[in-house]
Amino acid sequence: MEKNLLSIGWASADISTEGPINLPGQFHMRISTGILDPITATALWISNGKDDVCFLSIDLVTCRGGLTDAIKEEVAKRNGDIPVEKILLNVTHTHTGPGFHKDNVTGADGTLDGDVPVPTSIEIMDGLEYRKFMVNKIASAVCEAWEKRSHGAIAYGYGYAVVAHSRRVLYTDDVSKRPGAVNNSTHGVNGHAVMYGKTSDDKFSGYEGGADSFTNLLFTFDEKKKLTGVIVNVPCPSQNSEGIYKLSASFWHETREAIRKKFGNIFILPQAAAGGDLSPRQLHYVKAEYRRYALKYGRERELFTEEFRRRDIAERIAASVEEVYSWAKKDLIKSAPIHHEVLDLKLSKRLISKADYDLSVSRLEELNKQSFIKEEEGTDPQLTLKENCKLLSERNRCKGIIKRWEEQKESTKYATQAHVLSIGDIAFASNQFELYIDFQHRIQGRSPFMQTFIVQLAGVSGEGGGTYLATKRGFLNRGYSASMYCNLVSWKGGNELVEKTLKSLNKLWIKEHK
Amino acid sequence: MKKLILLVMAVMLFAITGCSTLCKENSVCGKTKKGNALKIGWASTDISTTEPVLIQGQFHARISKGIHDPITATALWIDNGKESVCFVSADLTGAGGGLLEEITSAVKKRNAAIPAGSLLFNVTHTHAAPVISKVTSVVPLSEHKGNLFRTPSSLKVTKSAIYRAFLTEKIAGMICKAWENRKEGGFAYGYGYAPVGYNRRSVYKDDVSKRKGVKQDSLHGVHGHAKLYGSTQDDMFYGFEGGADPKVNFLFTFDKDKNLTGSIINIGCPSQNSSRLEKLSADYWHETREMIRKKYGNIFILPQCSAAGDTAPVLLLGKGARNRRYLLKYGRNREYIQDELARIQAAEKISSAFDEVYSWAKNEIFFQADVQHERKTVELPRREVTKADYESAVKELEALKKVPFMKDDRDPAKALWTNSRLVSTRSRYKRIIERYNTLQKKIPFKASIDVISIGNIAFAGNPFELYQDYMHRIQGRSPFIQTFVVELAGTEGNELCGYLATKRSVENKGYGSDRFSNYVSWKGGDKLVEETVKTLEKFWKNKFPSTFPVRKKTGEIVIDGSLDEEEWKKAQEVDSFVTFAGNAPSGKTSVKVMYDSDFIYIGIMAGTDYIKKGYVFKEKAVKHDGAVWEDDGFEIMLGEYSRKVKAMTHNHYVLNTAGILYDGKAGTKFDRSFTSKIQYKVKKYPSFYVMEMKIPASDFNKKKFTGKEVFKLNIVRSCNYIQKEIVSADGIRNHDYKNFRILPLNGKMK
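Going down the list, the protein sequences come from chains S and F. At position 76 of the first sequence (counting the first as 1) the number is 89 in our numbering, and the numbers step up by one without a gap. At position 605 of the second sequence (counting the first as 1) the number is 733 in our numbering, and the numbers step up by one without a gap.
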């Protein structure tokens, strides 16, 4: 019998809910008013009899709050034979996926346990109830994919699709020192950089970094060489439509549709490669962009620009899948060594200074004095909720700093996990962060593997998940995503992540090629 | 050699005879038409030569051994009868050394009627085109006075001055031909994506010049934290300095029957895959032309390189994966043909972007357009050469002067390589010495830049290898819908221009941002941006009246939602409402403004077919200061203007079709607490609605208007009942107060 023969199994689940659920992704709660398009979870097992990997991708914004553990526990409960530690879970970062936290309170940088939900008359589905529903559905999909494993093959390659753009706009001056600049935890974090800053500003000096137009693709085939599915790894979070009040997978929905139109009803497993400093929105040429959509799609509705962006992006990803498939299928790999390890890492925290701690204490005192506004007749309760959530988020951010100040006395290291695995000549390296793209380039540039798929926003054991991991230059330029509120791990910790990932990649390479 | 001389003479002869015909025709056709009807003329010419010429692009000399693929020049005239511009692109490495002036003068000589000063001439930066040095000797790229050497006697080579004469005449002839070819036509435009360029500046955690074995102050010692084409496998690799913009700008031209005739393709990447080739080649533009023509027939293609000083079509990450891709896709991966495969890949990307953009851009063809062109000379700060740099250069040059040229008896190819590199290296130090002396004399750096607008798009040419940040600054601040930045454009004067690096890259150092590569400092880059943006803003303002017509009210009117009174009839109408992207609104929209000592009066007519189509206006806001801007209605931004105050706070009135008002102050921040004393009436009619209002002087903390006040005004209409269509006077965004029209009450500025 051939050595390392691959067996492959796929399954997918619709995890949308009609219920009025909180949609985390902003500093305020949005209570869903229905489903714009289905949000899904997709599982792919690849085994060779010696080692395994389960890629599991979910249309959610983060996978905090022990979700990874809960899914693994549920899978193990259903089938004790399944090696749950081999599950590499990632979320796509759609900002319109359901919340699954117990108190339904959300802030972009963390819900703190014990917070009281803001008062609202809106009926909100219990996050824990949804979580149970979702975990069951996902666990079923993982088990189903495991059961369905059968001999097949993989093929891989890379192509190009312009999806992301740098979202960190630089200025020649420190914008926090401009007259009228607001010194709070949202706007006061700006420096020479501003996330989504204005490019028409006289002091605009360029973007902090570039985006990356590469798509990494892994195709799977059944024994008859028929295409069964594809991992599409794109360095961009799927956060178009991030302000809407309906469930949506963002551009992955249109992408799935566009790919399936060409290839039939295959499985599609999206992964966000490093995209902490990127977004699917261009910040200059906006007028040209509106015109592009007006002429291309026949309408000019600013409100739906995000919808058009999604379609436009989907076309490019689908074209890239088609292009790469045309040649990658010539090299079908039926057997391959698999090496999969999960690293327990301790990364240097971004430390809170005494001054920042003191500032947070005094700011929290101020914020605690402010009370929630009451709903008024005739006003949209979602708007009142929005205002109150902003207050809560502000408080939470201060509380987060205070908590971290206390915690860093115990340890200056942040515990996290990373999956590093190889299948033949390609590798996957995950991390829990919204990782700046420079870190990805460092790993890919130095990786001995032919292609290295970076997977950000991957699930880790425990409560944590998400959070930006900024580079040194990001830290120096400041701005949202590189502020103390956003970074639990320092840029030095980012360097450590790179080194430890590379050490593991090199080890796996040597193991296979010695 | 004789062949080439004869060819030059033949070209000149053709051009002269061609021109006499042209002059006659021009005297007939020269009468300018009224309006902005466009005429478009194309021509192209092959500028290849089979003669053995020196090839530009490396530190060492290469002598061409024939033509790999034709190098060409292409010209496009766009003429609206009042102003005309000519885009000229040539498959060359550089356009400096007075070439623009020579071409201009050759065109003038052929036909004085041609506005030869209207050229925007650019090169594609292929590294497989002839040296075009003026010096009538055989010298490689880095020739410098007093530092010449003969090529090995056994190697036959044509003088570059002869090629230059041939080239100039060919291009001038082509420009005249394109002028002659002008016919009624139109253009369309759009942008798409073709990720051809990659950032080529690898950044390292450490200063690589301080690593063991690096010779300080040498040509290689220019590295710091950055290195051009630096290895990404290095343990200290830290990322790329910037990005690589994948956008590609297209301008398509059509004949009067809407048949595609050609295209400008503007992309942020130099065409330098085949940079080691010893044959002439247009690099990836050759395959791109072939691929596009396969689909669209023999159309004209005019390539422009937008800012790309820090990008190249060379992949630095994942070379193994690239080789595998080529092997599987093209069936080949031998190292020496990789440049060729990279060219095919670039062509595929550009050609597919062409298809995509053309598919929708052709839906809007402009047969009329305003055209503006300005060439201005800018003085830019030179990059500093320190005393230490100068002294080091003197020392290095002395040492290099002692290095003898290699004799060519046994190995002429090696001698050519060695000796030309020696000359190049000497020249670099000589230039440092010369620049130091120039700086001491405080002679300013002067270069010309070109800014062109055609309708809602603009072109901004500069002579540098420009870093992309500068392009983003220009594009981000340009008021035009699309701004095609064109680098390596011909400039007036004889200044060497080189790379124009940004502040961060100068700090990172590395080739391209080092003292040898930059003649102008990053501050000069900042100034280039400011000068370019200034002209772009001026051109945009020229397109629209800068003031809002306002009439002094003398009779009575009633605020009743009807504009039938004589007073309103006498007031001048403004109906230039367009979307932010410049498209016409679904329903005609017009505004009239009047004032008296107590009030400013605004009368709005908003055309709509809502009844016919059975739509219902969106009127969700039901109380004062609600979210009125989400409904159907108008936003009025009106504030007192002073040239001295940069940030203008303005009153913000938002009125929906149900007559619900939001009032506040806007500018640097929004203040909802303001409550206006405005009086208004909204009235709906079957095919339009009227908003009539009077805004009291007290809203501006005044008792009366004296008539000397100067305001700025913007009016924005939201059509939410059909779709979210937003139109405004002149397409100005809601609070973009810099671009609001001025409203001087007495019609005069202070």
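Using N, Cα and C, we set each Cβ at its ideal position, and we do this for glycine too. Computed from a prediction, not measured in an experiment: that's the story for all the values here.
Going by beta carbons, S:Thr53 and S:Asp72 fall inside the 8 Å limit. The C-beta of F:Lys457 comes closer than 8 Å to at least one C-beta of chain S.
Assigned with DSSP and collapsed to three states, S:Leu296 falls in coil, not helix or strand. Using a Cβ-Cβ cut-off of 8 Å, F:Thr360 counts as an interface residue toward chain S, since at least one Cβ of chain S sits closer than that to its own.
When beta bridges are read from the DSSP output, S:Met208 appears opposite S:Arg181. Put simply, the CB of S:Lys300 is near chain F, with a gap under 8 Å to one of its CB atoms. Under a criterion of Cβ atoms nearer than 8 Å, the residues of chain S adjacent to F:Tyr319 are, in order, Tyr298, Ala301 and Arg305.
About 17 Å separates the Cβ atoms of S:Glu319 and S:Ala271, ruling out a contact at the 8 Å cut-off.
Residues of the region 399-416 of chain S with a C-beta atom less than 9 Å from some C-beta of chain F do not occur.
Under the criterion of beta carbons closer than 8 Å, S:Val337 and S:Gly170 qualify as touching, at roughly 4 Å. Of the residues assessed, F:Val686 falls on the exposed side of the cut-off, its CB having fewer than 16 other CB atoms within 10 angstroms. Setting aside the 5 residues that flank it on each side, F:Val702 is surrounded in the same chain by Phe676, Pro677, Ser718, Val719 and Ala857, each with a C-beta closer than 7 Å to its C-beta; the list follows chain order. If you look at F:Asn250, you'll find it isn't in any alpha helix (DSSP H); it sits in the beta strand (DSSP E) that goes Leu247 to Val251. Secondary structure at F:Arg869: strand, using DSSP grouped into helix, strand and coil.
S:Ala341 reaches chain F at Leu456, counting residues in chain order whose Cβ is nearer than 8 Å.
By DSSP's assignment, F:Lys311 forms a beta bridge with F:Ile168. For F:Ile609, the residues of chain S that pass the 8 Å Cβ criterion are Lys300, Ala301 and Arg304, in the order they occur in the chain.
Residue environment: F:Thr803 is assigned as exposed (fewer than 16 neighbouring CB atoms within 10 Å of its CB, all protein chains considered). At least one beta carbon of chain S lies nearer than 8 Å to the beta carbon of F:Asn491. If you draw a straight line from the Cα of F:Pro431 to the Cα of F:Lys666, it is about 27 Å long. For S:Phe113, there is no enclosing alpha helix (DSSP H), as DSSP marks it with neither H nor E. Taking a contact as a CB-CB distance under 8 Å, the pair S:Ile21 and S:Leu69 does not count as one, their CB atoms being some 14 Å apart.
Residue burial is scored here from C-beta neighbours: F:Pro814 has fewer than 16 other C-beta atoms within 10 angstroms and is therefore classed as exposed. Listed in chain order, the beta strand (DSSP E) elements of length 3 or more contained wholly in the region 787-826 of chain F are 789-794, 807-812 and 816-824.
F:Leu405 and F:Asp219 have their C-alpha atoms spaced approximately 15 Å apart. Shown here for F:Ser645: same chain residues with a beta carbon closer than 7 Å to its own, the five before and five after excluded, namely Gly626, Tyr627 and Tyr639 in chain order. Shown here, F:Asp597 sits in a helix according to DSSP, grouped into three states. In terms of Cβ geometry, S:Leu308 and F:Gly583 do not form a close pair [threshold 8 Å]. Contact annotation: the region 31-51 of chain S touches the region 107-114 of chain S, with at least three C-beta pairs closer than 8 Å. Residue-level contact check: F:Asn250 does not touch chain S, since none of the beta carbons of chain S fall below 8 Å from its beta carbon.
Counting along the chain, F:Lys720 sits inside the beta strand (DSSP E) bounded by residues Thr717 to Tyr723. Within chain F, the residues whose beta carbon sits less than 7 Å from that of S:Ala224 are Gly371, listed in sequence order.
Looking at the DSSP output, F:Pro258 sits in a beta bridge with F:Ile183. Against chain F, the beta carbon of S:Met463 has neighbours under 9 Å at Gly446, Gly448, Ala449 and Arg452, listed in chain order. With a contact defined as Cβ atoms closer than 8 Å, S:Gly492 and S:Arg144 miss out at about 33 Å. Taking 8 Å as the cut-off, the Cβ atoms of F:Lys333 and F:Tyr366 count as close.
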